[in-house]
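Everything below concerns the one structure shown next.
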Amino acid sequence: MNILSVTGEQVPAGKGGSPSDTFDRSIATYQAGEATKSLTVTYCRYFGKALAEQGIYDQEQEGVPVNRIAAILFLEQNPDTKEGRQYYNETAAFLKLFEGFSLAQFKQKYGAVLS
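Numbering (our numbering), first residue to last: 2 to 116.
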């Protein structure tokens, strides 16, 4: 598997202050064999703050948003995934993506797609 690109975005706000106002997406495009695939990881925006509160990763301090990291971490941990969309609504499950995370190692491996 070869990561081609990664982007992050806030889920566009819906009408009337819908719950979608509180979600972010991490989108990775990657090469798996001959196929080019895309994976979207959608999660509660609060989880980025929870990572900082737990001392795992502080996107404000480190300068790389969580939404530029999450999809790649999911692919690393689930390389044979068949689903193109993943949704996290539980803090513990999302934090588990970041177990043993090191930004320095991540940048060494994926620095080209973070630029």
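Yeah, the Cβ is synthetic: ideal placement off N, Cα and C, and Gly gets one too.
On a predicted model such as this, the values are computed, not experimentally measured, just so you know.
State the beta-bridge partners of A113 as determined by DSSP. DSSP lists no partner for A113.
Query raised in the report: Is it right to say T37 is buried, meaning 16 or more other beta carbons lie within 10 angstroms of its own, or is it exposed?
Result: With fewer than 16 other Cβ atoms within 10 Å, it is exposed.
Would you mind working out which of F24, L52, T8, S103 sits nearest Y89, comparing C-alpha positions? The candidate whose alpha carbon is nearest that of Y89 is F24.
Handout entry: Straight-line gap, F48 to A29 (C-alpha atoms, nearest Å)
Key = For F48 and A29, the distance between alpha carbons rounds to 19 Å.
Span separating the alpha-carbon of D81 from that of A33: Going from the Cα of D81 to the Cα of A33 covers about 9 Å.
Coarse secondary structure for T82, derived from DSSP in three states: Note: T82 maps to coil in three-state DSSP.
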